[in-house]
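Heads up: the structure comes next, in structure tokens.
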Amino acid sequence: MDIKLDPSRDDLPLMANTSHMLVKHYVLDLDVDFGSRVIEGTIVLFFGDGNRFKKQSSATQETFQMESEEDCTFGTAEPCDVPEMDASTYSPQMGYSELAICGKGDQDAFNNDGNHDNQEHDSEISSSKYCCDTGNHGRKDFLLVLDCCDLSVLKVEEVDVAAVPGLERFTKAPELTATPEKLRREIVCDLVALPADGWREQLDCYTRCSQAPGCGELFFDIDSWSLQIRKTGAQTAADFPHAIRIWYKTKPEGQSVTWTSDQSGRPCVYTMGSPINNRALFPCQEPPIAMSTWQATVRAAASFVVLMSGENSAKPTPLQEGCMSWYYYVTMPMPASTFTIAVGYWTEMKPRTSPSGDLVTEHHLPLSKADSRYAETCSHVEYPCRFQNASAATQDIIPYRVFAPLCLEGACQEALLWLIPPCLSAAHSVLGTHPFSRLDILIVPANFPSLGMARPNKEETGHVSASGASVVKYGLNPEKGFMQVHYLKGYFLLRFLARTLGRETYFSFLRKFVHLCHGQLILSQDFLQMLLESIPEDKRLGLSVENIVRDWLECSGIPKALREEREAADRVPTGLAGRVGSEVAKWIRVNRRPRKRKRGKQEVVFEKLSPDQIILLLEYLLEQKTLSHQTLQRLQQTYCLQEQDAEVRHRWCELVIKHKYTKAYEQVARFLQEDQAMGVYLYGELMVSEDARQQQLAHRCFELVKEHMDRASAQVVSEMLF
């Protein structure tokens with residue numbers, strides 16, 4: 251895949267000035283309208299202090315912080331300015347204020363709006379024109395910057411949390427001596443700082459505060475990548491409102507949600523892990539350091555089921571006729587990119603033979619036991635952590651639910667439901683306490699960009715500015731999502747470490763690592779450093795963080811250790827792979843035989859193989875220059891390849907395309923339609939062959955699915971075909 255990278259087009263900007271203010275909690279109140287393909291409503295943001303002068307969670311983050319403060323002179327206590335513009339541009343009554351910048355190219359929007367630092371620094375941000383430091387340009391008002399894209403913002407207002415009765419029980423705000431503005435800020439500061447054992451009361455307070463009346467509209471502006479908000483006279487982050495409400499709508503073309511059909515042909519919508527994460531679903535702070543909690547109320551037609559990444563098993567509440575409301579929440583602070591939603595005609599799939607009640611029922615312990623704390627064992631910010639709950643440590647299978655379109659019930663019963671309990675139990679046995687109390691599993695539509703699920707692990711984040719803004723290098727390039735080499739190398743690196751250090755030592759460390767680092771942001775280098783420090787120096791076998799990074803992460807191609815492992819396996823095949831090698835030899839002999847078998851010649855008997863072994867077998871056969879159609883037909887019949895999982899069928903389709911096995915072209919077409927993200931590579935194979943029939947197949951399949959295809963996948967395929 252030929253990738254032409256252009257930082258000004260392909261870098262993903264993270265604009266939020268998290269060094270000045272941090273969102274501590276989001277309250278969303280949304281309506282889902284399938285007729286207009288719009289999600290609309292309000293979001294209330296509760297802020298705490300920014301992270302600029304706080305201790306960072308890793309040495310690398312601390313280094314970034316020191317560098318950014320050396321390069322920039324802006325301080326949180328100093329005022330920052332907004333551009334001199336006509337008053338109508340910033341009028342809250344204007345409604346859709348993005349009209350102020352509508353029609354400009356990205357570069358013009360960032361260079362001319364006056365809110366961004368255009369000085370050339372030696373950093374990734376400035377070279378990409380994405381720097382978002384709110385510097386001094388004249389007027390002395392603080393500017394709050396949120397990450398935002400493809401949203402219609404209708405109104406922004408301060409929330410009058412002081413009007414909510416009963417908050418005095420939880421806050422220490424001096425009502426008599428404080429000004430109204432200071433009183434509101436101090437109420438929010440006290441609210442976000444409530445202790446973890448009061449999380450239920452805290453959620454209730456957030457709910458009531460989110461429903462409080464507004465006490466003044468705020469000026470706002472919106473450009474391609476950010477929402478910028480200011481309050482006249484609020485010169486510092488400390489003066490800025492700490493609870494604001496934003497009225498907004500998503501756009502049908504927004505990249506954070508996909509409006510599509512499920513496997514039954516019925517409408518659904520879901521967040522698909524796009525390169526821009528959730529900023530086209532709600533205004534937020536995208537940098538991972540901005541971890542927050544959230545709660546959401548979502549209304550939809552009564553025929554729909556609403557699923558979210560919440561900690562509670564939500565049940566629908568009837569509203570007016572034909573409408574249901576769903577409520578979810580999380581109490582563990584997490585990055586905004588982890589917020590997910592899926593609305594569709596989902597059916598809960600339950601095993602035909604019911605397991606024990608422990609597997610399907612949520613148990614609530616008495617508060618005296620459930621809230622017992624062992625704070626010295628946790629290093630994260632305070633929240634109601636399951637690692638501090640003695641009973642959670644022994645719960646190997648947490649409650650779970652499985653949802654899918656009704657047409658997939660048979661497949662769920664056969665291939666999925668029976669697997670979940672042993673998988674959860676195995677994860678507990680290796681890693682220890684489950685970090686969440688429950689799990690929802692959804693069988694997603696065919697156009698779900700499965701390769702995009704790895705998106706938070708981008709190659710590199712650029713230089714972090716004083717405001718907290720940065721970029722994800724090449725995060726917007728649609729082809730990068732399909733380059734899986736770095737993920738494969740990471741997988742084999744972990745296998746290499748387990749084999750080199752010993753499985754018992756390695757898995758013992760993994761369990762300790764999860765226990766020590768849960769609830770925190772950890773870099774790869776931190777993980778490797780902790781691993782090696784847990785092993786006596788004389789048993790590290792010469793491994794160091796530096797040489798691991800050099801040999802596995804920074805080098806191109808297959809690492810030397812992996813090549814040597816492969817060569818050794820080829821010389822002395824053992825175990826499951828060894829059985830595959832003998833089967834490959836059989837198929838090669840069969841392929842060399844004449845088509846008419848001599849009378850009395852003994853038929854070759856093939857061993858039964860697991861799906862993983864079939865994948866390896868097909869990969870070996872892909873190395874063969876020629877395979878006859880007779881061999882391919884027998885191969886298909888022997889392993890029922892058209893009925894195997896997507897990984898197996900992908901290799902089978904590669905064989906079909908390589909050897910122009912026309913009888914199986916419809917199986918290739920089925921794969922391209924039902925496994926759209928995985929099928930991207932096959933479009934390239936069909937076009938490279940320069941075979942007219944294969945190219946027609948590629949064009950025909952793309953025409954059938956392009957309107958429903960993930961945007962990045964469709965763009966990549968379109969460039970292959972046209």
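Using this note's numbering, the first residue of the sequence shown is number 251, and each one after it goes up by one. All C-beta atoms in this analysis are idealised placements derived from N, C-alpha and C, irrespective of residue type, glycine included. Note that the structure is a prediction, hence the values are computed from the model and not measured.
For this session: Give me the Cα-Cα distance between S506 and A530, rounded to the nearest whole angstrom.
Result: 5 Å
For this session: Out of A564, W596, Y520, point me to the one whose CA is closest to V555's CA.
Result: W596
Exercise. Which ranges does the beta strand (DSSP E) cover as unbroken runs of at least 3 residues, wholly within the stretch 544–590, from first to last along the chain?
Worked result: 555–558, 573–584
Problem set entry | Cβ-based burial, Y741 [other Cβ within 10 Å; buried from 16] | exposed
Problem set entry | Cβ-based burial, L669 [other Cβ within 10 Å; buried from 16] | exposed
Exercise. DSSP three-state call for Q880: helix, strand or coil?
Worked result: helix
Exercise. Considering only residues of the same chain and omitting the five flanking positions on each side of D621, which have a CB-CB separation below 7 Å?
Worked result: Note on D621: pLDDT 38, under 50, position unreliable in the model; the coordinate value appears next. Closer than 7 Å at the Cβ level, and outside the excluded window around D621, lie D447.
Exercise. Which one of V548, Y579, C573 has the shortest CA to CA distance from S563?
Worked result: Y579
Exercise. Out of I293, E815, S511, which has the shortest C-alpha to C-alpha gap to T500?
Worked result: I293
Exercise. In whole angstroms, what separates the C-alpha of E418 from that of S717?
Worked result: 33 Å
For this session: Put H900 into one of helix, strand or coil per three-state DSSP.
Result: helix
Exercise. Is any heavy atom of the ligand FMN found at a distance shorter than 7 Å from the C-beta of A446?
Worked result: Ligands displayed in this structure: none; no statement on the ligand FMN is therefore possible.
For this session: With DSSP collapsed to three states, give me the class of G908.
Result: In the sequence on display, residue 908 carries Lys and not Gly. Here K908 sits in helix by DSSP.
For this session: Classify V438 as buried or exposed, calling it buried when 16 or more other Cβ atoms lie within 10 Å of its own Cβ.
Result: buried
Exercise. What separation, rounded to the nearest whole angstrom, lies between the Cα atoms of E817 and L793?
Worked result: 22 Å
Problem set entry | Identity of the residue in L401, F297, N797, V409 nearest D440 by Cα | F297
For this session: May I ask which residues mark the beginning and end of the beta strand (DSSP E) holding M599?
Result: 597–599
For this session: Give a yes or no on whether the C-beta atoms belonging to W544 and H275 are separated by under 8 Å.
Result: yes
For this session: Using only alpha-carbon positions, find the residue among V414, V282, I785, R884 that is nearest to R434.
Result: V414
Problem set entry | DSSP beta-bridge partners of L264 | S720
Exercise. Going by the beta-carbon positions, is the gap between D281 and G291 smaller than 8 Å?
Worked result: yes
Exercise. Of all the options V593, L569, E503, which has the alpha carbon lying nearest to the alpha carbon of C518?
Worked result: V593
For this session: Under the assumption that M937 contacts M970 (Cβ atoms under 8 Å), give the Cβ distance between them as a whole number of angstroms.
Result: 5 Å
Exercise. Should C534 go down as buried or exposed, given a rule of 16 or more other Cβ atoms within 10 Å for buried?
Worked result: buried
Problem set entry | Sequence-distant residues of the same chain with beta carbon closer than 8 Å to A552, five excluded per side | P566, P568, G572, C573, M574
Exercise. Hey, out of R761, R602, E536, whose CA is closest to M271's CA?
Worked result: E536
For this session: Could you check the C-alpha separation between H387 and V631 for me, to the nearest Å?
Result: With a pLDDT of 44 at H387, under the threshold of 50, the modelled position of this residue cannot be trusted; read the value that follows with caution. Approximately 36 Å between the Cα atoms of the pair.
For this session: Determine the direct distance from the alpha carbon of T876 to that of L766, and round the result to whole angstroms.
Result: 53 Å
For this session: Could you check which residue in I539, E561, N697, P655 has the C-alpha nearest to that of K600?
Result: P655
For this session: Could you please give the first and the last residue of the uninterrupted beta strand (DSSP E) stretch that includes A654?
Result: 650–654
For this session: Classify K405 as helix, strand or coil using the three-state DSSP reduction.
Result: strand
Exercise. Under the three-state reduction of DSSP, which class applies to D447: helix, strand or coil?
Worked result: helix
For this session: Quick one: grab the DSSP three-state call for E953.
Result: helix
Problem set entry | Among V830, V840, Y931, nearest to K974 - alpha-carbon criterion | Any answer about residue 974 is impossible in this case: the structure gives the chain only from 251 up to 972.
For this session: Find the nearest neighbour of Q863 within the set E897, A428, L773, R884, judged by alpha-carbon distance.
Result: E897
For this session: Kindly indicate which residue of D454, R790, L781, A487 has the alpha-carbon position closest to the one of E431.
Result: A487
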